[in-house]
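Everything below concerns the one structure shown next.
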Amino acid sequence: MKLLGMVRLVLWSFFGVRNSKSHATDLANANFTLLPFVAILLALLVGAVIYGVVHLVVDPTVTMQGF
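Numbering (my numbering), first residue to last: 180 to 246.
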C-alpha cells in the first residue's frame, strides 16, 4: 500500500467513521510493518497542531516558548 493510502487509513481510524467494506479492503492491503510508525507520526502531528492552535487562540501576543 502506498504511503498516502496508509495516511488515509490512519486518519479514517482517528475519525472513527468508516464503511466496513472500505475498511476491510484497506486492511487487506495494509503494510503492518509501516502502519504503527505512520500512526504515531500522525498522532504527534495532530497533537502539535492542536497545541499550536490553542496557543494562538489563548494569547496571540505571547510567543510560544519551547517551539
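Ideal placement from N, C-alpha and C gives every residue a C-beta, glycine not left out.
What separation, rounded to the nearest whole angstrom, lies between the Cα atoms of residue i and residue j?
| i | j | result |
| --- | --- | --- |
| residue 237 | residue 204 | 42 angstroms |
| residue 202 | residue 240 | 44 angstroms |
| residue 190 | residue 234 | 24 angstroms |
Out of the options, which has the shortest C-alpha to C-alpha gap to residue i?
| i | options | result |
| --- | --- | --- |
| residue 185 | 216, 195 and 233 | 216 |
| residue 181 | 195, 214 and 191 | 214 |
Starting from residue i and walking both ways along the alpha helix (DSSP H), at which residues does that stretch end?
| i | result |
| --- | --- |
| residue 227 | 214-237 |
| residue 200 | 199-208 |
Could you give the DSSP three-state label for residue i: helix, strand or coil?
| i | result |
| --- | --- |
| residue 187 | helix |
| residue 193 | helix |
Since residue i and residue j should fall inside the 8 angstroms C-beta cutoff, what is the C-beta to C-beta distance between them, to a whole number of angstroms?
| i | j | result |
| --- | --- | --- |
| residue 183 | residue 209 | Wrong, their Cβ atoms sit about 13 angstroms apart, outside the cutoff. |
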